[in-house]
Amino acid sequence: MTPIVEVRALHKRFGELEVLKGIDLVVNEGEVVSIIGSSGSGKTTLLRCLNLLEEFHQGEVRIGGESIGYRQRNGQRVRASEREIAGQRAMTGMVFQAFNLFPHMSALDNVTLGLTRVRGMSRRQAVELADHWLERVGMRERRDHRPAQLSGGQQQRVAIARAIAMNPRVMLFDEATSALDPERVGEVLETIRSLAQEGMTMVLVTHEMRFARDVSDKVVFMDGGRIAEQGPPATLFSTPESARLQAFLKTSS
Ligand code: ADP
10 MTPIVEVRAL HKRFGELEVL KGIDLVVNEG EVVSIIGSSG SGKTTLLRCL NLLEEFHQGE
70 VRIGGESIGY RQRNGQRVRA SEREIAGQRA MTGMVFQAFN LFPHMSALDN VTLGLTRVRG
130 MSRRQAVELA DHWLERVGMR ERRDHRPAQL SGGQQQRVAI ARAIAMNPRV MLFDEATSAL
190 DPERVGEVLE TIRSLAQEGM TMVLVTHEMR FARDVSDKVV FMDGGRIAEQ GPPATLFSTP
250 ESARLQAFLK TSS
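The numbering of the sequence shown is this note's numbering, which starts it at 10 and goes up by one.
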């Protein structure tokens, strides 16, 4: 098994508040890992550290074997340059709760933008690849629509196509369905599920317990900035060991 994400002894503070208190986590190639836990337990912050949207104070994050965000200079830990960080960030594809599409651009142009600007593809190559992924998420027919002309579920599917078209080593989903109308949740979960079945490596922060149980190879339960329990979904959901997880599952099912 090839590790794609390796997190070691990760600590993160916001001012005085320590929100990640020593996280160790490995995600292997093709694995789907769901992170569950109560609000405020540090799930989103952990995901944002994997994407270098947050700085962290101690520990290490490796993506595809490369240590990201920091390097050693004269025995000191220093932040990597903005240029290095941009390159390292591109190894992950992030999908946010609030779609974050550019409102003045069509679905197609939202997907091609990174391909031409960051990946240096020609317009023709970028359109071909964007069409492939828009088709894959069921949005090719609406490629010329702007975000305001699309439902939340459709916008989120475009956001998924945009992230995955960049060919990341791992896709990160931060509560990707929380902002959707209930009747739109299913279509986005189905899209994520089909990508998972194709072998995409994924880390998902989710409140959808049934979905986490269905698609994940491993579920991680966070509590108070630590991983309190982790394991295959069948074990974790059926025989939770800690009282905290038992209580959490009771309130969230
Ligand atoms: P979760 O995703 O599990 O709900 P978060 O990672 O969003 O948890 O938050 C963990 C803790 O960090 C919370 O106490 C939250 O208030 C705090 N926090 C998150 N982001 C910031 C920030 N930018 N500044 C200060 N505190 C923050």
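Think of the CB as a built atom: it goes at the ideal place given N, C-alpha and C, for glycine as much as any other residue.
Quick one, are the C-beta atoms of residue i and residue j less than 8 Å apart?
i: Thr101; j: Leu59; result: yes
i: Arg132; j: Ala170; result: no
i: Val41; j: Val14; result: no
i: Pro241; j: Ala221; result: no
i: Leu117; j: Leu143; result: yes
i: Asn3; j: Ala172; result: With the chain covering only 10 through 262, there is no way to say anything about residue 3.
i: Val78; j: Ala89; result: Note that residue 78 corresponds to Gly in the displayed sequence, not to Val. In this structure, Ala89 lies closer than 8 Å to Gly78 by Cβ.
Can you give the Cα-Cα distance for residue i and residue j, rounded to whole angstroms?
i: Lys227; j: Ser187; result: 21 Å
i: Gln106; j: Ala185; result: 5 Å
i: Val136; j: Gln85; result: 44 Å
i: Val120; j: Met180; result: 15 Å
i: Gly234; j: Glu27; result: 8 Å
i: Phe65; j: Arg22; result: 7 Å
i: Gly51; j: Asp33; result: 13 Å
i: Phe230; j: Val16; result: 15 Å
i: Arg155; j: Ser203; result: 25 Å
Going by beta carbon distance, what residues of the same chain come within less than 6 Å of residue i, once the five residues before and after it are set aside?
i: Phe182; result: Val104, Leu213
i: Gln67; result: His20
i: Ser261; result: Met218
Whose C-beta lies closer than 8 Å to the C-beta of residue i among residues of the same chain, with five residues either side of it excluded?
i: Leu189; result: Gly161, Gly162, Gln165, Val197
i: Ser47; result: Asp232, Phe257
Output needed for residue i: all residues of its chain with C-beta closer than 7 Å, excluding positions within five of it in sequence on either side, in chain order.
i: Ala174; result: Val120, Leu124, Leu138, Ala139, Trp142
Checklist entry - Which full runs of the alpha helix (DSSP H) of 4+ residues lie inside the stretch 185 to 212, going along the chain? => result Complete alpha helix (DSSP H) runs here, min 4: 191 to 206.
Checklist entry - Taking any heavy atom of the ligand ADP as the mark, which residues have a C-beta closer than 5 Å to it, listed down the chain? => result Taking a cut-off of 5 Å from the heavy atoms of the ligand ADP, the residues with a C-beta inside it are Phe23, Val28, Ser48, Gly49, Ser50, Gly51, Lys52, Thr53, Thr54.
Checklist entry - Which runs of the beta strand (DSSP E), 3 residues or longer, sit entirely within the stretch 88 to 116? => result Listed in chain order, the complete beta strand (DSSP E) runs (minimum 3 residues) inside the stretch 88 to 116 are 101 to 104.
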